[in-house]
Structure formats: C-alpha cells, structure tokens
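**Student:** The structure is given below, and queries will be raised subsequently.
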Amino acid sequence: MFQEKPLTLVVSGMSETKQGAFQQALTRMKSQISKETSDVLLQIEPQDVEVVSAHLTQYSEKFLGFLFPRTRTRYEVTLRITVKLKYVNLSEVEFTENKENLSKYQRLLHMR
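Once you know that position 65 of the sequence shown is 65 in the numbering used here, the rest is easy, because the numbers rise by one and skip nothing.
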C-alpha cells in the first residue's frame, strides 16, 4: 500500500526577482505532480535540481510613452527536478460496501 518511486519533471517560473522565479517553479512542481498521479501523496522529497535554462530580460518602459522612464527586469528559469514520491496506492486499498435500507421517514430523521 505505501510505496516510493522516483520522478523527474521539468518546471519553469518567471518573476521580477531571482528568488521569485525559483519559488514559482517549485510551486508549479506540486501541481504538476498532482496532475500526473491519482494516488494520495504523503511526501515529496527533492533529490536533485538542475537548471536547464536561466534568462534575464531587461527592458525600459515609460508612462505615456515619454514620462518617467524606468528599467524593468524579468527572470525566467527552467528546472529539471528529480523527486522521490512517497504515496499510498489507492488501487490496493479494499473498501467494504455497506448498504442501508431505510424508509423515507427514517432517512429524513437520519439526515439531521
């Protein structure tokens, strides 16, 4: 029932700071793992993080085309992350079925 398996995935993040870009990529890791597996996750343990690409983009913008010029910075990172998943395999869990035969009145009283 309790199992472990390694998983490698590629995630990316973008922000105005380096820390923000890495944080966004790591946050997307959890949602991507949840989409790929239908089992109940108990623990996600990172084993290795490799930077596939890291880009810095700087551009200047102006209010109304000529007022208040400022330089903006955007960081983009793409990471290849290897994690060890610990999860409960739901296909191995056996559920017992209980049927209740209640009358309409008993069901109404039971709903309270």
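In this text, a Cβ means the ideal position worked out from N, Cα and C, and glycines have one as well.
For Val40, which residues does DSSP report across the bridge?
**Tutor:** Val88.
**Student:** How would you label Ala54, buried or exposed, when you count the other beta carbons within 10 angstroms and need 16 or more for buried?
**Tutor:** Exposed: under 16 other Cβ atoms inside 10 Å.
**Student:** One question on the structure: do Lys86 and Leu42 come within less than 7 Å of each other, judged by their Cβ atoms?
**Tutor:** The answer is yes: Cβ separation under 7 Å.
**Student:** Less than 8 Å between the CB atoms is what I'm expecting for Met29 and Ile81, so what's the real figure, rounded?
**Tutor:** Met29 to Ile81, Cβ: 6 Å. Contact.
**Student:** Entirely within the stretch 14-65 and at least 3 residues each: give me those beta strand (DSSP E) ranges in chain order.
**Tutor:** DSSP runs (the beta strand (DSSP E)) wholly in the stretch 14-65: 40-63.
**Student:** At what residues does the alpha helix (DSSP H) containing Leu108 begin and finish?
**Tutor:** Per DSSP, Leu108 belongs to the alpha helix (DSSP H) from 104-110.
**Student:** Taking DSSP's pairing of strands, which residues face Glu76 in a bridge?
**Tutor:** Beta-bridge pairing links Glu76 to Met14, His55.
**Student:** Buried or exposed, going by whether 16 or more other CB atoms sit within 10 Å of the CB of Leu79?
**Tutor:** Buried is the call here.
**Student:** Can you tell me which of the three DSSP states Val83 falls into?
**Tutor:** If DSSP states are grouped into helix, strand and coil, Val83 belongs with the strands.
**Student:** Less than 7 Å between the C-beta atoms of Val83 and Pro46, yes or no?
**Tutor:** Yes. Within cutoff.
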